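For reference, the structure discussed in these notes is given below.
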Amino acid sequence: MNGIEVLKRMREEGYETPVIFLTALSEQIYEEAALLSGAVDFVEKSRSFAILHKRIDLILSGNKTKQTGEGEAVDGQNAEIIRHGELELRLDSSRAFWRGERVNLSLTEFKIVHLLLQRAGQDVTYREIYDLVHGQGFLAGAGPEGYRANVRTFMKRIRQKFRELHSEFDEIENYPGFGYRWRMPES
């Protein structure tokens with residue numbers, strides 16, 4: 022059984038432990054397969070220990086982005102919840118709900134949605150999204166803009182998961198060549 026098969030089996034059995042692929046396989050097809058299977062990161066073995074350690078710390082701490090402190094207590098508990106239109110994000114458990122139904126997002130996908138929601142109505146660049154996922158300044162892909170394909174893959178998967186619940190979902194707008202935006206709710 023290879024790593025992707027192990028991850029798929031873990032997810033099927035309900036294990037939501039963050040998974041980072043550490044691999045010698047550097048082709049984009051392997052990275053995409055790992056991320057589509059629910060991995061939170063895909064790192065080549067050629068990276069230094071310091072880089073690996075920092076990326077693992079960022080993932081485990083859940084602090085790749087600054088928390089805004091937005092949220093509210095629920096049922097007398099200290100759970101932070103952000104509501105925006107039909108979306109509810111539960112920051113304490115990294116769970117997303119659309120129209121009351123749970124959206125099965127990976128931890129990385131949740132962080133991307135959270136970033137978009139923090140800046141709802143504003144443009145978020147491809148680079149900002151990529152830095153959230155891989156750490157600031159990390160380079161990957163072909164050429165100086167190669168990271169965009171990785172971001173597009175994440176966004177496609179996020180949209181697909183929302184559309185599995187409600188086919189008319191269209192809250193994430195794309196600005197080709199620039200980035201994405203979460204729509205503001207209509208008044």
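Here our numbering = 1-based position in the sequence shown + 21.
Beta carbons are placed, not taken as given, at the ideal position from N, Cα and C, and that holds for glycine.
Computed from a predicted structure; not experimentally measured.
Selection from the options that minimises the alpha carbon distance to residue i
i, options, result
"E48", "F63, V40, I41, A71", "F63"
"K177", "P39, I103, Y201, I41", "Y201"
"N171", "L108, A55, E26", "A55"
"K75", "K66, E107, G156", "G156"
"L137", "L153, W203, G24, I103", "W203"
Exposure label - residue i; buried when at least 16 CB within 10 Å
i, result
"S69", "exposed"
"L110", "buried"
"L43", "exposed"
"T21", "For residue 21 there is no data in the structure shown, the boundaries of the chain being 22 and 208."
"V154", "buried"
Coarse secondary structure for residue i, derived from DSSP in three states
i, result
"E109", "strand"
"T146", "strand"
"E48", "coil"
"V64", "strand"
"G24", "helix"
Residue i CB to nearest heavy atom of the ligand FMN below 6 angstroms
i, result
"G24", "Because no ligand of any kind appears in the structure shown, any question about the ligand FMN cannot be addressed here."
Per DSSP, cross-strand counterpart(s) of residue i
i, result
"E194", "R202"
"F183", "F183 pairs with nothing; no bridge assigned."
"A117", "L110, V124"
"R104", "E109"
Beta-carbon proximity list for residue i, same chain, < 7 angstroms, skipping 5 on both sides
i, result
"V124", "A117, F118, K182, F183, L186"
"G121", "none"
"G90", "Caution applies to G90, whose pLDDT of 36 falls short of 50 and renders its modelled position unreliable; the value that the coordinates give is listed next. So the list is empty, once near-sequence residues are dropped."
"R169", "Y147"
Close Cβ partners of residue i (< 6 angstroms) along its chain, the five nearest in sequence each way excluded
i, result
"E189", "none"
"K29", "S58"
Own chain residues within Cβ distance below 8 angstroms of residue i, not counting five before or after
i, result
"F199", "D144, T146, Y147"
"G35", "none"
"I133", "I150, L153, V154, F175, M176, I179"
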